[in-house]
Each structure stands twice: as C-alpha cells, then as structure tokens.
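Remarks on the structure that follows.
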Amino acid sequence: MGQYDKAIDHHEQSLKIRLQIHGLYHTSVAHSYHSLGSCYKKRYQYNKAIEYNHKALEIKNQIFGKNKSTADSNWNLGLIFEKTGEIKSACKHYEEAWRLYSTLLGEFNRETLHVKLRLKKLTDKLSTEQRNIHQDS
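The letter at position 89 of the sequence shown is residue 89 when you use the UniProt record's numbering, and the numbering goes up by one with no holes.
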C-alpha cells in the first residue's frame, strides 16, 4: 500500500469518527474532506479530489460564510478543474477566490494577485479558443 493509500485510509477513519462525534457541519469534518481531496489530487484522481473539496467548501460556507477558508477552498477547486481542462469551472472558482481575497486581504495582497493572474491567464485562453472556434465556422 502506497503512502497516499495509507493517508487516505487514515483520513477516512478520521472522517468517520468526526462525523459521529460532531455531525456534518463542523470544522474538523471540513478539514477531513479537504485532506482527502488533497490526497486524491496528489494521486491524480481528480474526480474524487473535486468531490471531497466540494464537500469541504459546502461545510465551510455553511459554518463561516465568506471568509479566507472558503476562498482557499475555491482556489483549490480552481487548481483541480484547471488540471482536468475544465477551464470554465476553474474560472468560476478562481473568480470567487479572487473576490473573497480582494475583500478580505486587499487587492494588492500576494494571494489576491496570484489568483487574479491565474484567472486572467485562463480567461485569455478561453477568449482565444472562442475566437478560433468562430474563425473556423
């Protein structure tokens, strides 16, 4: 069994215990879902990574509303969607992360600028693809 398999097994056990103790809407449950998503991302199992990161984001939105933790989750989902080539979904999550980082950290914060640059790169790519489609028609 590889290291990520062991980590996934431990995180699943932890999640089960945390769900029994705290119920669904608790920060430790969100953390378990995030950790599972991270492991699956590193194993290139992007569909599972998306599933678990979405669950973490849903819980964080319910508990915290719009804060840095939800911005970070949107950033992570953007990265995963970008890896899968789902550019529109990546842009959606990067845009939400950028909006939250701008509000919470300021528009010149390193994280804000980083996500803004990533978003611009992808929107430029989408624009180019759209132009190419229209030229080919």
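Ideal placement from N, C-alpha and C gives every residue a C-beta, glycine not left out. Computed from a prediction, not measured in an experiment: that's the story for all the values here.
Going along the chain, which residues of its own chain have a beta-carbon closer than 7 Å to the beta-carbon of residue i, five neighbours each way excluded?
| i | result |
| --- | --- |
| N109 | Y101 |
| K60 | A30, S69, T70 and S73 |
| Y4 | C39, K42 and R43 |
| K92 | none |
| A90 | G78, F81, E82 and L122 |
| V115 | W75, Y94, A97, W98 and Y101 |
Assuming residue i contacts residue j (C-beta within less than 8 Å), just tell me the rounded distance between them.
| i | j | result |
| --- | --- | --- |
| E96 | L119 | 10 Å between Cβ atoms; not a contact. |
| Y52 | Y40 | 6 Å |
| H22 | A56 | About 14 Å; that fails the 8 Å criterion. |
For residue i, which residues of its own chain have a beta-carbon under 6 Å away from its beta-carbon, when the five flanking residues on both sides are left out?
| i | result |
| --- | --- |
| I50 | I80 |
| R18 | S28, V29 and S32 |
Beta-carbon within less than 8 Å of residue i's beta-carbon, same chain only, minus the 5 sequence neighbours each way: which residues are those?
| i | result |
| --- | --- |
| F64 | T70 |
| T103 | K66 |
| At which residue ranges does the stretch 25-77 contain complete beta strand (DSSP E) runs of 3 or more residues, listed in the order of the chain? | Qualifying beta strand (DSSP E) stretches: none in this window.
| request: Go through the stretch 84-116 residue by residue and report every complete run of the beta strand (DSSP E) that reaches 3 residues or more, in order. | output: Fully enclosed beta strand (DSSP E) runs of 3 or longer: not present.
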